[in-house]
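Structure first, then comments.
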Amino acid sequence: MNQGKIKLTENHRRSLTSALMMIEQMLAEMEDAIVNLREGCCYAVENDISSEAARHNLEVIREAREKLCILAGKYGAGKYNQSLRKIINAKKTRIWEILSDIKSKKSKGFGEFPKELVKEYDSDIEELLSLTEKIEY
34 MNQGKIKLTE
44 NHRRSLTSAL
54 MMIEQMLAEM
64 EDAIVNLREG
74 CCYAVENDIS
84 SEAARHNLEV
94 IREAREKLCI
104 LAGKYGAGKY
114 NQSLRKIINA
124 KKTRIWEILS
134 DIKSKKSKGF
144 GEFPKELVKE
154 YDSDIEELLS
164 LTEKIEY
């Protein structure tokens with residue numbers, strides 16, 4: 034087996050870089066889900082795996098990350114540096130889209146929105162929208 038660097042074509046290298054980046058992100062998300070069980074008012078991660086399975090999975094994730102780094106070096110995969118500013122901006126934009134889409138005027142596809150609730154409901158959505166717009170980058 035070749036232990037040195039292997040030169041892929043540019044298209045194959047970019048494809049591998051993208052794939053490894055997505056896998057690395059997914060491994061990080063799995064690790065975060067195992068280590069930091071999140072609980073909010075609308076979303077919670079239920080710990081339905083044993084502590085033994087959690088420890089095992091964390092070890093496998095660590096090994097997978099090591100292997101991923103070896104492959105990245107072996108095949109000359111690039112490193113994608115993501116701007117935190119862009120991440121925040123993209124998330125803010127997506128939040129704005131979601132909140133804009135749940136306003137009473139846009140809820141017609143789910144039936145007529147109760148007229149007596151429109152003012153309060155839209156006001157509540159606008160308040161949340163205003164709060165999220167204060168997130169800075």
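Every position in the sequence shown, counted from 1, becomes a number in the working numbering once 33 is added. Yeah, the Cβ is synthetic: ideal placement off N, Cα and C, and Gly gets one too.
Between A66, L60, K152, which lies nearest to V93 when the distance is taken from Cα to Cα? L60
Do L101 and I56 have their C-beta atoms closer together than 8 Å? yes
Sequence-distant residues of the same chain with beta carbon closer than 8 Å to V78, five excluded per side: A66, L70, R71, E72
Compare the C-beta of I158 with all C-beta atoms of chain E and state if any pair is closer than 8 Å. Reference to chain E is not applicable here, since this structure consists of a single protein chain.
Could you compute how far the alpha carbon of R127 sits from the alpha carbon of G37? 43 Å
Would you say the segment 129-139 touches the segment 158-169, given that touching needs at least three Cβ pairs under 8 Å? yes
Ordered list of alpha helix (DSSP H) runs contained in the segment 88-165, each at least 4 residues: 117-134
Can the beta-carbon of Y113 be found closer than 8 Å to that of L41? no
With a Cβ-Cβ cutoff of 8 Å, do F146 and S137 count as a contact? yes
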